[in-house]
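*Asks:*
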Amino acid sequence: MDTNDTIIVEAEPYPFEFIPKQCALLIIDMQRDFLEPDGFGAMLHNDVTQLRRTIEPNQKLLKAWRAAGLQIIHTREGHRSD
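Counting from 353, one number per residue, gives the positions in the sequence shown under our numbering.
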(Lines of atoms letter the chains of each structure in order from A and count residues from 1; the text may use other names and numbers.)
(Lines give C-alpha, C1' and ligand atoms only; values in the text may rest on other atoms or scores of the structure.)
Protein backbone atom coordinates (compact mmCIF):
# COMPACT_ATOMS: atom_id res chain seq x y z
CA MET A 1 0.00 0.00 0.00
CA ASP A 2 1.29 3.42 -0.92
CA THR A 3 0.38 5.56 2.08
CA ASN A 4 0.09 8.61 -0.19
CA ASP A 5 -2.71 7.05 -2.25
CA THR A 6 -6.35 7.82 -1.54
CA ILE A 7 -8.25 4.90 -0.02
CA ILE A 8 -11.99 4.66 -0.52
CA VAL A 9 -14.03 2.79 2.09
CA GLU A 10 -17.57 1.88 1.11
CA ALA A 11 -19.84 3.21 3.84
CA GLU A 12 -23.34 4.56 4.39
CA PRO A 13 -24.62 7.11 3.61
CA TYR A 14 -21.66 7.65 1.26
CA PRO A 15 -18.12 6.32 0.66
CA PHE A 16 -15.37 7.63 2.93
CA GLU A 17 -12.09 8.73 1.33
CA PHE A 18 -8.79 9.31 3.12
CA ILE A 19 -5.05 9.44 2.50
CA PRO A 20 -3.32 7.30 5.18
CA LYS A 21 -0.14 9.41 5.27
CA GLN A 22 -2.27 12.43 6.24
CA CYS A 23 -4.12 10.57 9.01
CA ALA A 24 -3.47 9.10 12.43
CA LEU A 25 -5.01 6.01 13.97
CA LEU A 26 -6.65 7.12 17.22
CA ILE A 27 -7.40 4.40 19.77
CA ILE A 28 -9.49 5.51 22.73
CA ASP A 29 -9.94 3.73 26.07
CA MET A 30 -8.77 0.23 25.12
CA GLN A 31 -7.93 -0.39 28.78
CA ARG A 32 -8.16 -3.57 30.79
CA ASP A 33 -10.36 -1.82 33.33
CA PHE A 34 -13.03 -1.26 30.69
CA LEU A 35 -12.68 -4.55 28.80
CA GLU A 36 -11.91 -7.34 31.25
CA PRO A 37 -14.67 -9.35 32.95
CA ASP A 38 -13.31 -8.42 36.39
CA GLY A 39 -12.56 -4.78 35.55
CA PHE A 40 -14.22 -1.57 36.67
CA GLY A 41 -16.77 -1.65 33.85
CA ALA A 42 -17.97 -5.10 34.86
CA MET A 43 -18.05 -4.05 38.52
CA LEU A 44 -20.58 -1.40 37.45
CA HIS A 45 -22.67 -4.32 36.12
CA ASN A 46 -21.92 -3.41 32.51
CA ASP A 47 -21.85 -6.28 30.03
CA VAL A 48 -18.31 -6.10 28.64
CA THR A 49 -18.93 -8.93 26.15
CA GLN A 50 -19.63 -6.56 23.26
CA LEU A 51 -16.68 -4.35 24.17
CA ARG A 52 -14.34 -7.35 24.19
CA ARG A 53 -15.34 -8.13 20.60
CA THR A 54 -13.44 -4.99 19.55
CA ILE A 55 -10.07 -6.26 20.81
CA GLU A 56 -9.10 -8.53 17.90
CA PRO A 57 -10.13 -6.14 15.10
CA ASN A 58 -8.24 -3.32 16.87
CA GLN A 59 -5.15 -5.54 17.18
CA LYS A 60 -5.25 -6.29 13.44
CA LEU A 61 -5.73 -2.64 12.53
CA LEU A 62 -2.94 -1.55 14.87
CA LYS A 63 -0.55 -4.14 13.41
CA ALA A 64 -1.31 -3.04 9.83
CA TRP A 65 -0.99 0.66 10.70
CA ARG A 66 2.38 0.03 12.40
CA ALA A 67 3.62 -2.06 9.46
CA ALA A 68 2.83 0.87 7.15
CA GLY A 69 4.79 3.24 9.42
CA LEU A 70 1.79 5.48 10.03
CA GLN A 71 1.07 7.67 13.05
CA ILE A 72 -0.71 6.08 16.03
CA ILE A 73 -2.24 7.90 18.99
CA HIS A 74 -3.49 6.17 22.14
CA THR A 75 -5.52 7.80 24.90
CA ARG A 76 -6.01 6.62 28.44
CA GLU A 77 -8.42 7.79 31.11
CA GLY A 78 -7.06 8.45 34.57
CA HIS A 79 -8.34 9.73 37.88
CA ARG A 80 -6.59 11.29 40.84
CA SER A 81 -6.78 9.29 44.04
CA ASP A 82 -8.53 12.14 45.85
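Ideal placement from N, C-alpha and C gives every residue a C-beta, glycine not left out.
Helix, strand or coil for residue 403, going by three-state DSSP, please let me know.
*Replies:* Of the three classes helix, strand and coil, the one that applies to residue 403 here is helix, per DSSP.
*Asks:* What is the rounded straight-line gap between the Cα of residue 389 and the Cα of residue 412?
*Replies:* Cα to Cα, residue 389 sits roughly 22 Å from residue 412.
*Asks:* For residue 365, count neighbouring C-beta atoms within 10 Å of its own C-beta (all shown protein chains included) and say buried if the count is 16 or more, exposed if not.
*Replies:* Flag for residue 365 reads exposed.
*Asks:* Based on the DSSP secondary-structure assignment, which residues constitute the bridge partners of residue 376?
*Replies:* Bridge partners of residue 376: 423.
*Asks:* Quick test of the definition: if touching needs 3 or more C-beta pairs under 8 Å, does the segment 411-431 touch the segment 371-384?
*Replies:* As far as the Cβ criterion goes, the segment 411-431 touches the segment 371-384, which means the pair count is three or higher.
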